[in-house]
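Presented below is the structure to which this report refers.
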Amino acid sequence: MTDHGVTDELADELARIVGRERLLRSHDELLVYECDGYVVEKNVPDVVVFPSSAAEVQAIVRTCLKHRVPFVPRGAGTSLAGGCLPVGGGVMIALTKMNRILEIHLRDRYAVVQPGVVNLNLTRALAGSGFHYAPDPSSQGACTIGGNVGTNSGGPHTLKYGVTVNHILGVEFVSPEGDLVTFGGPCGRGEELDLTGLFVGSEGTFGIVTRIWVRLTRNPEGHRTMLAVFDSIDDTSQAISGIIGAGIVPAALEMMDQGIIAALEDAFSFGFPLDAAAVLLIEVDGLDVGLDGEAATITELCRSHGAREVRLSQSEEERALLWKCRKQAFGAIGRLAPGYCTQDGVVPRTRLPEILRFISDVGQRHDLQIVNVFHAGDGNLHPILMFDERDRDQVQRVLTASDEILEKCIELGGSVTGEHGIGVEKISFMERLFTQEDLAVMADVRSVFNPHGHCSPGKLLPTAGACGMEQPILREHPGRQAAM
Numbered sequence: 195m196t197d198h199g200v201t202d203e204l205a206d207e208l209a210r211i212v213g214r215e216r217l218l219r220s221h222d223e224l225l226v227y228e229c230d231g232y233v234v235e236k237n238v239p240d241v242v243v244f245p246s247s248a249a250e251v252q253a254i255v256r257t258c259l260k261h262r263v264p265f266v267p268r269g270a271g272t273s274l275a276g277g278c279l280p281v282g283g284g285v286m287i288a289l290t291k292m293n294r295i296l297e298i299h300l301r302d303r304y305a306v307v308q309p310g311v312v313n314l315n316l317t318r319a320l321a322g323s324g325f326h327y328a329p330d331p332s333s334q335g336a337c338t339i340g341g342n343v344g345t346n347s348g349g350p351h352t353l354k355y356g357v358t359v360n361h362i363l364g365v366e367f368v369s370p371e372g373d374l375v376t377f378g379g380p381c382g383r384g385e386e387l388d389l390t391g392l393f394v395g396s397e398g399t400f401g402i403v404t405r406i407w408v409r410l411t412r413n414p415e416g417h418r419t420m421l422a423v424f425d426s427i428d429d430t431s432q433a434i435s436g437i438i439g440a441g442i443v444p445a446a447l448e449m450m451d452q453g454i455i456a457a458l459e460d461a462f463s464f465g466f467p468l469d470a471a472a473v474l475l476i477e478v479d480g481l482d483v484g485l486d487g488e489a490a491t492i493t494e495l496c497r498s499h500g501a502r503e504v505r506l507s508q509s510e511e512e513r514a515l516l517w518k519c520r521k522q523a524f525g526a527i528g529r530l531a532p533g534y535c536t537q538d539g540v541v542p543r544t545r546l547p548e549i550l551r552f553i554s555d556v557g558q559r560h561d562l563q564i565v566n567v568f569h570a571g572d573g574n575l576h577p578i579l580m581f582d583e584r585d586r587d588q589v590q591r592v593l594t595a596s597d598e599i600l601e602k603c604i605e606l607g608g609s610v611t612g613e614h615g616i617g618v619e620k621i622s623f624m625e626r627l628f629t630q631e632d633l634a635v636m637a638d639v640r641s642v643f644n645p646h647g648h649c650s651p652g653k654l655l656p657t658a659g660a661c662g663m664e665q666p667i668l669r670e671h672p673g674r675q676a677a678m
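In the numbering used here, the protein residues as written are 195 to 678.
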């Protein structure tokens, strides 16, 4: 028996549910699941199980409840705030085996998928149909739709099309009490209360999703994709506000600074100007007849705000390469440092110049390289702080710098997360964003779904009750000493 109550008896019961081949218990296998994309904080689960059906998830949850052992769901592990960190150990329920597209209904414009379906695989399954699933996180080649539901993920095209919650018609999930529950369905959210919208973004604390009804969107008739090159970060930021202020809502409006440009050029040799301070990747879509005019207006606006060059992609291949560069930017960062921490602050668009200057100052003060690639159109920042986790001093400087950046986002009227979630990383900021009354209401709502706190303990709220405990189970910077 471990300190977390995972006995041989419990492991045997779980093995009878899923089979020995779908249960991991040896330490070397469990190390793979010690963290998600937020590598600063780590903890190894006691057991990892891989269910293949809702019935198996139910049986696993009920077995954990019988033994009073905490459990946490996990998708692909691409989340960036410790959302699937097994705080306190326990049982990790990995949903990657539940990866089937169950139904596609083009006439009714919806599909039904299991939570382990990789986002990009649904896009590929819809190729040639005239429809697509709009949410497209940058990690869509690996992230799962169940994980996207957990954190209410965004992506480059959410400026125009909205985030995950805007495309979820219904969810089926196993509650923390082991019941199979359905909110919404093919016809959308029929409840008087928007329970589907409440569930999306609950970061695995309301239950474990087992089936998802997603809205399909008709493909636009055409699109124009541009790359605007700037010699000044301030000019780039002003151009972003200028485009939106002119009444144009691009499908995507992404910014990349000089640091990430160099990494991308090294990786893909697209022809990015290495001396540029920043570039904007801009895409407009819709009826083809109006797109040339929109592209011309955007070009004029960028030039009026100091762009030295605006390129219009001349082929589908060139457009695809541009988007490949943007969506694989985080992979290219591996050329710059052995590790990195990605933040997820949000500010009003008009405050972008100020926050970007502040991020640059933070990097200089703490002797850290920080590069930026983010969803500029909606002010969703992703400053990426480089470090080597083997160096305790660097880790501490990254944590301090991250906190300063997020504090500044709050000060400028923004938030500490746009799509990555709170997880364990940002719990200390919840009391800075919300009043105690706000947090008490949130805790009350969660207790309706998760009364005993066994499901995803230690996440999202500063006093997350784990295994029936009401006291805070995490320090202000949870688990950070383990990484130092």
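Ideal Cβ placement from N, Cα and C applies to all residues, glycine included. Keep in mind that this is a model prediction, so the values were computed, not measured.
Using the C-alpha atoms, what's the distance from residue j back to residue i?
| i | j | result |
| --- | --- | --- |
| Ala531 | Arg256 | 43 Å |
| Phe265 | Gly391 | 23 Å |
| Glu207 | Ile298 | 36 Å |
| Val281 | Arg262 | 15 Å |
| Ala288 | Gly398 | 12 Å |
| Gly379 | Gln588 | 48 Å |
| Arg409 | Ile527 | 33 Å |
| Arg586 | Pro542 | 34 Å |
| Ile564 | Thr536 | 10 Å |
| His646 | Phe400 | 11 Å |
| Pro467 | Ile437 | 22 Å |
| Asn750 | Val307 | With the chain represented from 195 up to 678, any question about residue 750 goes unanswered, as that position is not in the structure. |
| Thr491 | Ser554 | 31 Å |
| Leu300 | Asn342 | 22 Å |
| Ala305 | Trp407 | 6 Å |
| Gln590 | Gly557 | 13 Å |
| Phe393 | Leu279 | 20 Å |
| Ala253 | Val504 | 57 Å |
| Thr583 | Ser650 | Inspection of the sequence shows that residue 583 is occupied by Glu rather than by Thr. If I take the Cα positions, the gap works out to 26 Å. |
Measuring alpha carbon to alpha carbon, tell me which residue in the options is nearest residue i.
| i | options | result |
| --- | --- | --- |
| Thr493 | Ala461, Gly395 and Val473 | Val473 |
| Ala433 | Ala570, Ala205, Glu366 and Glu613 | Ala570 |
| Arg559 | Thr544, Ile599, Glu235 and Arg545 | Ile599 |
| Ile295 | Leu274, Gly276 and Arg405 | Arg405 |
| Pro547 | Leu495, Gly525, Asp585 and Lys602 | Lys602 |
| Cys417 | Phe400, Gly465, Leu481 and Val403 | In the sequence under discussion, the amino acid at residue 417 is His, which differs from the Cys named in the question. Selected option, being the one with the closest Cα: Leu481. |
| Glu510 | Thr419, Ala440, Ser463 and Gly557 | Thr419 |
| Met580 | Asn237, Asp632, Glu625 and Arg529 | Arg529 |
| Met636 | Ser396, Arg520 and Gly453 | Ser396 |
| Gly163 | Gln590, Gly573 and Ala634 | In this structure the chain extends from 195 to 678, so residue 163 is not present and cannot be described. |
| Cys496 | Glu512, Arg584, Met449 and Ser246 | Met449 |
If we call anything under 9 Å between Cβ atoms a contact, is residue i one with residue j?
| i | j | result |
| --- | --- | --- |
| Val443 | Ala501 | no |
| Gly364 | Thr376 | yes |
| Asn360 | Gln334 | no |
| Leu447 | Glu477 | yes |
| Val251 | Arg268 | no |
| Cys229 | Gly284 | no |
| Gly340 | Gly382 | no |
| Thr411 | Ala328 | yes |
| Val233 | Leu593 | no |
| Asp428 | Asn566 | no |
| Ala275 | Gly617 | yes |
| Leu550 | Ser431 | yes |
| His351 | Ala445 | yes |
| Pro656 | Ile604 | no |
| Pro331 | Gly348 | yes |
| Leu575 | Gly525 | no |
| Met286 | Tyr227 | yes |
| Gly277 | Lys653 | yes |
| Ala205 | Leu374 | no |
| Asp240 | Arg219 | yes |
What does the Cβ neighbour count give for residue i, buried or exposed, with the cut at 16 atoms within 10 Å?
| i | result |
| --- | --- |
| Ala523 | buried |
| Gly213 | exposed |
| Thr629 | exposed |
| Gln508 | exposed |
| Ser498 | exposed |
| Lys260 | exposed |
| Ser323 | exposed |
| His614 | buried |
| Glu488 | buried |
| Leu225 | exposed |
| Arg626 | exposed |
| Asp469 | exposed |
| Glu366 | buried |
Inside the region 295-319 only - alpha helix (DSSP H) runs reaching at least 4 residues: As far as the region 295-319 is concerned, its whole alpha helix (DSSP H) runs of at least 4 residues are 313-319.
Pick out the complete beta strand (DSSP E) segments inside the region 374-447, 3 residues or longer, and give them in chain order. Whole beta strand (DSSP E) segments, 3+ residues: 374-378, 402-409 and 416-424.
Can you list, in chain order, the stretches of the beta strand (DSSP E) that have 3 or more residues and sit fully within the region 205-273? Runs of the beta strand (DSSP E) inside the region 205-273: 241-243 and 265-268.
So within the region 616-640, which uninterrupted beta strand (DSSP E) runs reach at least 3 residues, ignoring any that extend past its ends? Secondary structure within the region 616-640: not one fully enclosed beta strand (DSSP E) run of 3 or more consecutive residues is present.
Just list the beta strand (DSSP E) runs in the region 517-580, keeping only unbroken ones of 3 residues or longer that don't cross its boundaries, in chain order. Within the region 517-580, the complete beta strand (DSSP E) runs of at least 3 residues are 533-536 and 564-569.
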